[in-house]
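Heads up, the sequence shown is in this note's numbering, so the first residue is 21 and it goes up one at a time.
No residue lacks a Cβ here, since even glycine has one placed at the ideal position from N, Cα and C.
For clarity, every value in this text was computed on a predicted model and none was experimentally measured.
Reviewing the structure listed below.
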Amino acid sequence: MQVSVKVGEIGRKGVDLVAIPLLELEPKADPKKRRLGRRITALDRSVGGLISAALGCGDFRGRAGETLTLYPAPESACKRVLLVGLGRESKLTSEGLRRAAGSTLNLARAKSARRVAMLVPSVRRIPVAEGARAAAEGAVLASYRFDTYRTHTSNNNKNNNSNNSSNNKQAETPVRSFDLCYEKLRDARTVRAACAVGVVVAESQNVARTLSDQPGNALPPAALAREAVKVAKAVGLRSQVLEVPELKRRKMGGILAVGQGSANPPRLVILEHRPATRAAKTRAAKTRAAKGGRGGAQPTICIVGKGITFDSGGISLKPSPGMQDMKHDMSGAAAVVGAMRAIALLKLPLHVVGVVAAAENMPGGTAYRPGDIITTMSGKTIEITNTDAEGRVVLADALHYADLRFEPQAMIDLATLTGACLVALGPWATGLLGNHDGLIEAVGEAGTRCGERSWQLPLLDEHKEAMKSSVADLKNAGGRHAGTSTAASFLSAFVGERPWVHLDIAGTGWSDKAGPYQQRGATGVGVRTLIELLRNWEPPKGV
Ligand code: BES
Ligand code: MN
Ligand code: ZN
């Protein structure tokens with residue numbers, strides 16, 4: 021799908037659907053008196069007053085999520101006009117535009133409209149470029165489908181437009197072009213650039229979704245590593261995959277323990293974006309970068325993802341209902357891979373390292389057991405009290421490895437870590453914890469700006485106390501209380517003094533419900549937050 025910014029032209033001949041996002045009227049306002057502005061008035065005239073007629077009836081008030089499709093006479097400039105509600109102006113953020121674009125795309129797709137135009141409204145509080153970026157994201161995100169395994173879809177039968185009787189899926193035609201239309205723009209270049217950023221970010225989020233949606237049989241740790249390397253190669257990232265012998269040599273007892281019950285061995289994947297050495301044209305710059313050691317002149321940031329390709333719980337087996345959802349237990353890893361892709365394509369001026377800890381948690385005859393005491397790469401020992409608390413065990417090694425090897429300015433991990441987070445925050449917010457207030461705030465605000473909400477949970481000394489073992493340095497599962505905080509406090513033991521933030525995406529990594537730009541399934545959450553954070557990177561205070 022081609023997403024472009026168009027200035028001046030609306031209702032071009034051949035457009036299959038023109039979307040008009042509209043604000044919600046005040047409760048007592050007369051719909052007949054709605055001010056439509058020059059553009060919409062002109063379009064209304066070209067479709068014989070159809071828009072003003074529909075609005076005048078009061079059928080459409082512009083509530084968030086409300087839509088109304090209108091069909092102009094055949095000889096009109098466009099085949100369909102779609103009214104899309106934005107809700108109240110006082111509540112509207114760029115997320116509203118993301119949703120409006122998503123709804124537009126979904127409807128267009130269901131109606132097999134191939135060429136779509138959206139009249140982007142100007143909203144006082146939303147900078148034009150930010151709005152363009154959000155709209156582009158909404159459209160690209162909404163176009164995501166996970167249908168590679170459905171044998172009778174329009175996608176798979178590209179040459180078969182005839183009615184297929186065994187096609188139980190609603191026929192959909194992918195949208196070919198999505199135009200963001202403006203009456204005039206003061207700085208079209210900036211708006212075009214913002215739109216392009218939105219496309220890259222959303223496509224990268226779709227990459228994360230594709231990985232997360234893959235079932236456990238299709239994506240064991242080795243395959244996840246292969247896919248990560250494939251993405252890395254395509255965008256010019258360095259990549260490195262540590263297999264079992266290397267994990268053993270580095271004494272990564274955590275990831276090895278979790279992986280040992282599966283026939284599919286674990287992997288540690290490292291993806292590296294190095295702007296200085298790649299961009300540097302002169303030899304001097306190259307040597308400078310080389311001498312600057314790990315990151316050259318640029319600050320280093322590590323992003324670490326939990327990559328449990330399937331979580332059965334291990335010997336502490338999970339109950340059967342819902343267990344299939346645990347194919348998504350590598351959503352943190354997926355977000356890291358997606359974000360690294362965007363970081364490379366956007367050429368961010370930072371040294372960013374993505375680390376993925378991939379393992380399958382299975383109850384095989386060689387599985388780790390409750391009661392086992394394992395030694396992690398850091399030397400710290402863990403008493404396993406529940407093999408289902410496996411995410412923190414693989415992350416213990418991944419975080420320590422990142423800390424030791426890259427000495428980053430900051431570390432951020434993403435993990436579908438605790439059911440407790442789903443209980444606490446539901447599917448509505450990501451759990452946000454860490455050891456550095458400034459970094460926590462920066463991550464939280466980045467999430468707010470890009471429509472990925474998070475909510476801070478505490479990390480107290482008492483939480484650390486709850487993870488102490490009588491036979492080892494730590495135990496991997498605390499009691500029933502404050503499960504998300506105790507899990508984070510466990511992780512904090514492996515980040516040293518590094519400013520670190522942990523995002524628990526157990527509730528937000530996938531969705532049971534479809535939304536305006538979200539199908540049921542993987543969300544790819546975290547990609548936008550990471551990019552928003554890193555595009556505005558400021559070193560955490562005290563570093
Ligand atoms: N992957 C799960 C967490 C999870 C549960 C994510 C539900 C999404 C939805 C994790 O590995 C896990 O099993 N955690 C345990 C920890 C407990 C044993 C201390 C949990 O949350 O029950
Ligand atoms: Mn588990
Ligand atoms: Zn898990």
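heavy atom of the ligand BES below 7 Å from residue i C-beta
i, result
"A353", "no"
"G503", "yes"
"A497", "yes"
"D408", "yes"
Nearest-angstrom Cβ-Cβ length linking residue i and residue j, presumed shorter than 8 Å
i, j, result
"K338", "M346", "7 Å"
"G471", "E115", "4 Å"
"A607", "D524", "The shown model of the chain, from 21 to 563, leaves out residue 607, and the question about it has no answer."
"N381", "F330", "7 Å"
"R229", "T543", "7 Å"
"G499", "A486", "6 Å"
"V414", "V278", "5 Å"
"A245", "V221", "24 Å between Cβ atoms; not a contact."
"P383", "G236", "Incorrect: roughly 14 Å between the Cβ atoms, too far for contact."
"D79", "L88", "7 Å"
"L101", "P94", "Reading off the sequence, residue 101 comes out as Val, not Leu. Going by Cβ atoms, the distance from V101 to P94 rounds to 14 Å, so no, they are not a contact pair."
Which of helix, strand or coil DSSP assigns to residue i
i, result
"Y91", "coil"
"P241", "helix"
"W557", "coil"
"R129", "helix"
"Q539", "coil"
"T450", "strand"
"C215", "helix"
"T506", "helix"
"C470", "coil"
"R425", "helix"
"H172", "coil"
"L368", "coil"
"P41", "strand"
"G34", "coil"
"K306", "Because the pLDDT at K306 is just 49, under 50, the model does not fix this residue reliably, and the point stays unresolved."
"Q225", "helix"
"T113", "coil"
"E46", "coil"
"K26", "strand"
"S351", "helix"
"V324", "strand"
Contacting residues, own chain, Cβ-Cβ under 8 Å from residue i (five flanking each side not counted)
i, result
"K253", "S259"
"M21", "A159, V160, S163, P194, V195, R196, S197 and F198"
Residue i beta carbon near the ligand ZN (any heavy atom closer than 7 Å)
i, result
"G411", "yes"
"D532", "no"
"T619", "Nothing in the structure corresponds to residue 619, since the chain is present only between 21 and 563."
"D349", "yes"
"I328", "yes"
"D433", "no"
Close Cβ partners of residue i (< 7 Å) along its chain, the five nearest in sequence each way excluded
i, result
"L553", "A462, V463 and A466"
"E223", "V160"
"R134", "D36, T193, V195 and R196"
"E410", "V278, I328, D331, G334 and N381"
"P447", "G527, T528 and S531"
"A478", "Note that residue 478 is Pro in the sequence shown, not Ala. If we look at P478 and ignore the five residues flanking it on each side, its Cβ neighbours are S505."
Contact with chain B by residue i, beta-carbon distance below 8 Å
i, result
"L276", "Although the question refers to chain B, the structure presented lacks it and comprises just one protein chain."
Cβ shell of residue i (< 6 Å), same chain only, five flanking positions each side left out
i, result
"G503", "T438 and A440"
"G516", "D423"
"R389", "I335"
"C201", "K26, I30, A137 and L139"
"V373", "E292, C322 and F426"
"N126", "A162"
"T395", "G273 and T401"
"D493", "K400 and T401"
"E403", "I393, S489, V491, A492 and K495"
"N556", "none"
"L453", "L477, L479, A508 and H522"
Near the ligand MN: residue i beta-carbon under 7 Å from a heavy atom
i, result
"G342", "no"
"N455", "no"
"D417", "no"
"N381", "yes"
"D524", "no"
"G325", "no"
At what residue ranges does the region 50 to 74 contain a whole run of the beta strand (DSSP E), taking only runs of 3 or more?
-> Runs of the beta strand (DSSP E) inside the region 50 to 74: none found.
What are the uninterrupted segments assigned as beta strand (DSSP E) that are 3 or more residues long and contained completely in the region 228 to 283, given in chain order?
-> For the region 228 to 283, whole beta strand (DSSP E) runs of length 3 or above, ordered along the chain, are 258 to 262.
4 or more residues per run - each alpha helix (DSSP H) lying fully within the region 372 to 444 | Look at the region 372 to 444 and you find these whole runs of alpha helix (DSSP H), each 4 residues long or longer: 411 to 426.
Whole alpha helix (DSSP H) elements within the region 478 to 507, 4-residue minimum = Taking 4 residues as the minimum length, the alpha helix (DSSP H) runs contained wholly in the region 478 to 507 are 481 to 485, in order along the chain.
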